[in-house]
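Residues in the sequence shown are numbered from -3 upward in steps of one, following this note's numbering.
In what follows, a single structure is set out as structure tokens and then discussed.
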Amino acid sequence: MTDTLHAPIRKESKSEVIPKSVLIPFILLTSCFALWGLANNMTDVLIAQFRKVFTLTDMQSGLVQTAFYGAYFVLALPAAIFIQRYSYKAGVLLGLGLFAGGALLFYPAAQAMAYMPFLMALFVLAGGLSILETSANPYIIAMGPEATATRRLNIAQAFNPVGSITGVVIGKFYILSQLNPATDTERAQMPAEQLTAIQTAELNAVMMPYLAVAA
């Protein structure tokens, strides 16, 4: 009789998608899926912003994508080795730390008003995302029964487009909207103080969303 009563309970626990014991960690980790969707789409916006602020050529502005996706290429294998040696959790924490550090580097980059510091900040930020993505997917899978691993991962990945849409909205209505309409020719003819004031405002518009995410 006792075995009969307990049998359905054991069966239900095996099919549980998100065990209650890991619900909060699952929610926190799922937010990371939205995080890298946000960062990916905001990066596309930076190309137009930096091209205007620093009067860059197409090749120079393309370095934004090189710095961002180059970090993924460089750190993918080291991330896998790190996770294998330590744990998924350690990988997530390291990835978040690097992401936050890269986002915070946007502040000194904006103060320096130079292109290269922004590229360095993007490389560090994207390096953190590379480690985070490498860690988060298998971590989500390991958070419950193997039978429901795919469903669990699908739930987490559903939040990636949410972050992507948020990135587009922030880029369009906050960052790009702060661009001064002055052309490159008009900027070249401006007094140095006026041009500096415009560039400062435009770079601050880039900096603030990243500082907010890091916080």
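Cβ atoms here follow ideal geometry from the backbone N, Cα and C, with glycine treated the same way.
For clarity, every value in this text was computed on a predicted model and none was experimentally measured.
Legend entry - CA nearest to the CA of SER126, picked from ALA211, ALA72 and MET55: One-based indexing of the sequence shown puts residue 126 at position 130. The shortest C-alpha separation from SER126 is found at ALA72.
Legend entry - Residue from LYS48, LEU172 and LEU34 with nearest C-alpha to THR181: Translated into positions along the sequence shown, residue 181 becomes position 185. Nearest of LYS48, LEU172 and LEU34 to THR181, Cα basis: LYS48.
Inset, instruction - Closer than 8 Å by C-beta to LEU207: which residues in its own chain qualify, once you throw out the five before and the five after it? Chain order, please. - result: For this step, residue 207 is matched to residue 211 along the sequence shown. Leaving aside the five residues that flank LEU207 on each side, the residues in its chain whose CB is nearer than 8 Å to its CB run, in chain order, ALA99, LEU100, PHE102 and TYR103.
Legend entry - Cβ neighbours of ARG148 in the same chain (closer than 8 Å, five flanking residues each side left out): Here the question's residue 148 lines up with position 152 in the sequence shown. Within the same chain, Cβ atoms closer than 8 Å to the Cβ of ARG148 are found at VAL13, ILE14, PHE22, ILE136, ILE137, MET139 and GLY140, the five residues on either side in sequence being excluded.
Legend entry - Buried/exposed call for VAL202, threshold 16 Cβ in 10 Å: Position 206 of the sequence shown, counted from the start, is the residue given in the question as residue 202. The residue in question, VAL202, is buried, as its Cβ has 16 or more Cβ neighbours within 10 Å.
Inset, instruction - Below 6 Å CB to CB, which residues in the same chain sit around ILE79 once its five sequence neighbours on both sides are set aside? - result: Counted from its first residue, the sequence shown places residue 79 at position 83. For ILE79, where only same-chain residues beyond five positions count, the Cβ hits under 6 Å are GLY87 and SER131.
Inset, instruction - State the DSSP-derived secondary structure class of SER160, mapped to helix, strand or coil. - result: What you label residue 160 is simply residue 164 of the sequence shown in a count that begins at 1. The answer is helix: DSSP assigns SER160 an H, G or I state.
Legend entry - CB-CB length for LEU34 against GLY124, believed under 8 Å: For this step, residue 34 is matched to residue 38 along the sequence shown. For this step, residue 124 is matched to residue 128 along the sequence shown. Contact doesn't hold; Cβ gap of about 13 Å is too wide.
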